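Colleague: Quick note: the sequence shown uses this note's numbering, first residue 936, plus one each step.
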Amino acid sequence: MKRAEAGELDGDRKNQKRAADGYAGAVNPKKAKNMDGDMVFKMMLATVPGVSLSKAASVVASYPNPAALVDMIRSRPEKAAIKQIAAVECGARKLGPAAASKIVKVFSTG
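#1: Where Ser-993 and Pro-1012 are concerned, what is the direct C-alpha to C-alpha distance, given to the nearest angstrom?
#2: Should the region 971 to 980 be regarded as contacting the region 1013 to 1028, the criterion being three or more beta carbon pairs within less than 8 Å?
#3: Using three-state DSSP, classify Arg-1009 as helix, strand or coil.
#4: Which same chain residues, not among the five before or five after Ala-981, have their C-beta less than 6 Å away from its C-beta?
#5: Do you know how far the Cα of Pro-984 is from the Cα of Arg-938?
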């Protein structure tokens, strides 16, 4: 195997480890405790590409359940919904339009 290919594999492993650490850090070892509505909503949001668990937690703090988020998205034009979600505070920064547009696309289809 070439060194470049080996380096690519190492990068893939690092990304997989980061994703596993984020999931493992959020999931309680007691299975029943994972059935909390907030945790389920965070996990739903975290499946959207570009949305980490910390970003998901910020969205959950603003929208208490998936229905509230979907209602907000459906009640506004797409650009206004993206703008509102992008303004959600995520630590010292805002969520941003890239993650917000992905959330809107996922939760507005169906």
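Each residue gets a CB set at the ideal place from its N, CA and C atoms; glycine is no exception.
Owing to the predicted nature of the structure, the values given are computational and were not obtained by experimental measurement.
Modeller: Reading from the atomic positions:
#1: Taking the first residue of the sequence shown as 1, we reach residue 993 at position 58. Taking the first residue of the sequence shown as 1, we reach residue 1012 at position 77. Cα-Cα distance, rounded: 22 Å.
#2: no
#3: For the purposes of this step, residue 1009 is taken as residue 74 along the sequence shown, with counting starting at 1. In the displayed model, Arg-1009 falls within a helix according to three-state DSSP.
#4: As a first step, residue 981 is located in the sequence shown; it is residue number 46 there, counting from the start. These residues qualify, in order along the chain: Leu-988, Ala-991.
#5: The count along the sequence shown starts at 1 and reaches residue 938 at position 3. The count along the sequence shown starts at 1 and reaches residue 984 at position 49. In this predicted model, Arg-938 has a pLDDT of only 49, less than 50, meaning its place in the structure is not dependable enough to derive any value.
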